[in-house]
Every structure is written in structure tokens, then in C-alpha cells.
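Each remark here refers to the structure printed beneath this line.
2 protein chains.
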Amino acid sequence: MKFYETTIKETEIYAGNYLNLMNVQVELPNGKLSNRDIIKHPGACAIIPFISENEIILVEQFRKPLERTLLEIPAGKLNKNESPITCAHRELEEETGYKAKDMIYLGKIATAPGFCDEIIHLFKATNLYDGTKSCDEDEFTDIKRFTLDEMKLMIKKGEIIDTKTISILSYL
Amino acid sequence: MKFYETTIKETEIYAGNYLNLMNVQVELPNGKLSNRDIIKHPGACAIIPFISENEIILVEQFRKPLERTLLEIPAGKLNKNESPITCAHRELEEETGYKAKDMIYLGKIATAPGFCDEIIHLFKATNLYDGTKSCDEDEFTDIKRFTLDEMKLMIKKGEIIDTKTISILSYL
């Protein structure tokens, strides 16, 4: 593979609840050695749920790293050995209280390829029906409805900055 | 602020070359305590450079966290005390070998707000002229030209998965 960097040594610096931090010594294409800090992430799913033909659901949530509340499409981490489609159905119901008859795979995104292996699988959910909202015990969220045009305007105005929420529009 | 989480204690777990890993104990909106691992990142800029009216430049680069080569818009981390616009001009020239007469601010994205504070500032570069390519000594890259339509098609086909590259289309 072009510009391939061979792993010489991999050292675990920290094993967190779901994030692991590794230091990887690599051999560069020119034969020299370098070190890269890499965050290992289990991967995730994100879903754009259509509650009507032109209306979608976003989740409002405080994000401690940014010290602010963000509007995002519903999303969540893959459980161990969980398939993306199963994760998408589970997270949609947990975060919004809706189930979806139809869940269509749209594509995948790499959120921070310079230092993290996180891949988010994107889905479109339609034909929603009532399920049960059940957030994690450390998650506090609200759900809100917007038209697609309102969502696009909020992106242009800088009111939506979450990259998975912005990226998913390219696949619709 | 809605659902605000108050910091009780912040502990540095690891200080890397440019990434720092913190463990933050927070008080949740219901008064209970929780812990969050947070990656501190200096922030970055990404630029979509128009080499002609409808043709843009992408950078091909091996990304060790994903063990593959990606096509991305040129981007790079903010130096200490560097403004986003200065960073955008510097990174454009370093990564592509072009300077830009015009650099327009488009907006900002949060790449992984669940666990990382990285913000990427997005710019559109036009009226390019020759400068000097000068990558970091551990960076090996190629530059390639595509039309906007080719870029959009590569996203739909899953050949471009980098989220800043996908997100920037929403601001054009």
C-alpha cells in the first residue's frame, strides 16, 4: 500500500472504559523510525431518523470535551461483536424512543484519521413507530424535530457543528 | 447551560506530542458523579483549494490508525497561538505547494465531540499560485486533482470517507 508504515512496536499507554491509547513505533516509507499516539475506539453508528417525509429528529446533548450542548443525529458506540445494523436499531430506540421499520445503510466516515481509528456507520431510518427511550445513566438528552431545510440552515449558520450530522447529508 | 456537567476533578493521564489524555470527574445534572476520558487536541484547519473554477486538490496520505491510505482535503494542526487563517495559509502551502490569494472562512466542525475537543476550521482557497511543498519529516503525501463532481461521486461510492472532506461540501 502507498506510503505504508510498518508497525515495529505497539505499547498500550492507557486502557479506558471504551477508549484505549496506544503508542506505535513505525517504520516510515524512507526507512526512518517515528512514533504515533493512536486512540483505539470501538466504532459507532449514527442514524438520521425521518419522522415524516421531510422532518428529522436530532438529539440535544451536553458534550463535556467542548463544554457546550450540541445538536446531533442520534448515535452510539458499537457493543462488542455487535453488527452496525443492530447497533443502529438499538441506539435509535434508546436515544429517541422510536423504532424504525426501515433502516438503510448509507456509508461510513472516519472522524479523526490522523490519530483515532473511529469509524461511524451511517444509516437512514424511516417508517418510525413508538419504542422506549432508555439513555445510559450518565446521559441526559432531549430530542427535537426539524425539517431538512432547517437543519441545512443551522449548519450554514454554525448552529450545528457536529461532523457526523453534517456529513450524513452528503449521502441522502 | 442545558444538561451542564460541572468539573469536580481533572487528572492528566498522558501528555503526548500534541494529544493529551485527561480523566475528568463530573457532577451530572442529577447530582450523581461520573468519569469521562477526554482527549485534548490543539485544533486544526482544513482547506478546499480550487485550482480552477470546478477543480479541487486532495491529498493522499497513509493513516496509521486505519492502516490505509485516504484522500483528504489538505489540513493540519494549529501551532501554539496561531490563528486559524494563518494556519490555513501555512498548511495549504506545506501540503500542496500552492499559495492562495483568497482564503475564505466557511465554518467549523467538531469531529468527535463525545470524547475529544478537536475543532477543525474550514476554509475555501481560490486564486492559487506556486509556493513550496514542505511536509513534516514523518509525512509522505501526494496531491491529486479532481472535479467537484468526481469528489461527490467518490463520497457516494465510499472511496472518500474522511469526515472533514465530506463535511466541507455543505458549506460551498
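Sequence order for the protein chains is A and B. Numbering-wise, the numbering used here puts 156 at position 156 of the first sequence, and it's gapless, one number per residue. Numbering-wise, the numbering used here puts 116 at position 116 of the second sequence, and it's gapless, one number per residue. Quick reminder that beta carbons are idealized off the backbone N, C-alpha and C, glycines included.
Q: Would you tell me roughly how many angstroms separate the C-alpha atoms of B:L92 and B:T111, rounded to the nearest one?
A: Cα to Cα, B:L92 sits roughly 20 Å from B:T111.
Q.
When you compare the CB positions of A:F3 and B:Q61, do they come within less than 8 Å of one another, or not?
A. Yes, the pair counts as a contact, with Cβ atoms nearer than the cut-off.
Q: Please list, in chain order, all residues of the same chain as A:E27 whose beta carbon is under 7 Å from its beta carbon, the five residues on each side excluded.
A: Beyond the five residues adjoining it in sequence on each side, A:E27 comes within less than 7 Å, by CB distance, of E5, T6, I8 and L33 in the same chain, given in chain order.
**Q.** Cβ contact (3+ pairs, closer than 8 Å) linking the segment 147-158 of chain A and the segment 53-71 of chain B
**A.** Counting Cβ pairs under 8 Å, fewer than three are found: no touch.
Q. Mind checking whether A:K77 and A:Y14 have CB atoms under 8 Å apart?
A. No, Cβ-Cβ distance for A:K77 and A:Y14 is not below 8 Å.
Q. Between the C-alpha atoms of A:C116 and A:P42, what's the straight-line distance to the nearest angstrom?
A. The C-alpha of A:C116 lies about 10 Å from the C-alpha of A:P42.
**Q.** The alpha helix (DSSP H) enclosing B:A112, as first and last residue numbers
**A.** Where B:A112 is concerned, there is no enclosing alpha helix (DSSP H), because DSSP gives it neither an H nor an E.
Q: Please name the residue, chosen from B:E139, B:N30 and B:G97, that lies closest to B:G131 on a Cα-to-Cα basis.
A: Of the candidates B:E139, B:N30 and B:G97, the one whose C-alpha sits nearest the C-alpha of B:G131 is B:G97.
Q) Using a Cβ-Cβ distance under 8 Å, would B:K164 count as near chain A? A) True, the Cβ-Cβ gap to chain A drops below 8 Å.
Q. Between the C-alpha atoms of A:I104 and B:D102, what's the straight-line distance to the nearest angstrom?
A. Straight-line measurement puts the Cα of B:D102 at about 40 Å from the Cα of A:I104.
Q) Shorter than 8 Å from the beta carbon of B:K101 to some beta carbon of chain A? A) No Cβ of chain A is located within less than 8 Å of the beta carbon of B:K101.
Q. Using a Cβ-Cβ distance under 8 Å, would A:A112 count as near chain B?
A. Answer yes: the Cβ-Cβ gap between A:A112 and chain B drops below 8 Å somewhere.
Q. Per DSSP, B:C45 forms a beta bridge with which residues?
A. Residue pairing by DSSP places B:C45 opposite B:G76 and B:H121 in a beta bridge.
Q. Nearest to A:E12 by CA position, among A:K144, A:E94 and A:I38, is which residue?
A. It is A:I38 whose Cα lies nearest to the Cα of A:E12.
**Q.** Contact set for A:A44: own chain, Cβ-Cβ below 7 Å, skip 5 residues either direction
**A.** Within its own chain, the residues whose Cβ lies closer than 7 Å to the Cβ of A:A44, once the five positions on either side in sequence are excluded, are A75, G76, K77, L78, E118 and I120, listed in chain order.
Q. Per DSSP, what kind of secondary structure is B:S134 in: helix, strand or coil?
A. Correct three-state label for B:S134: coil.
Q | Euclidean distance between Cα positions of B:I143 and B:P29 | A | Straight through space, the alpha carbons of B:P29 and B:I143 are spaced by roughly 48 Å.
**Q.** Short CB-CB distance (under 8 Å) between A:M154 and chain B
**A.** Closer than 8 Å: no.
Q | Within chain A, partners of B:G183 - CB distance below 7 Å | A | Not covered by the structure: residue 183 of chain B. The range shown for chain B is 1 to 172.
Q: May I ask which residues mark the beginning and end of the beta strand (DSSP E) holding B:A13?
A: At residue 13 of chain B the sequence reads Ile, which differs from the Ala that was named. T6 to A15 is the extent of the beta strand (DSSP E) around B:I13.
Q: Rank A:I57, A:K40 and A:C135 by C-alpha distance to the C-alpha of B:E67 and give the top, closest one.
A: When each option's Cα is compared against that of B:E67, the closest is A:K40.
Q. Is the CB-CB distance between A:I155 and A:L106 below 8 Å?
A. In terms of Cβ geometry, A:I155 and A:L106 do not form a close pair [threshold 8 Å].
Q.
If I follow the unbroken beta strand (DSSP E) through A:I143, where does it start and stop?
A. Looking at the DSSP string, the run of the beta strand (DSSP E) that includes A:I143 is T141 to T147.
(Q) Taking beta-carbon pairs under 9 Å, can you tell me which members of the segment 44-68 of chain B lie near chain A? (A) Cβ contacts with chain A come from A44, E60, Q61, F62, R63, K64, P65, L66, E67 and R68.
Q | Nearest-angstrom Cα separation, counted from B:R36 out to B:I160 | A | B:I160 and B:R36 have their C-alpha atoms spaced approximately 31 Å apart.
Q. Where does A:K40 fall in DSSP's three states?
A. It is a strand residue.
Q. Is B:M22 helix, strand or coil by DSSP?
A. Looking at B:M22 - three-state DSSP - the assignment turns out to be strand.
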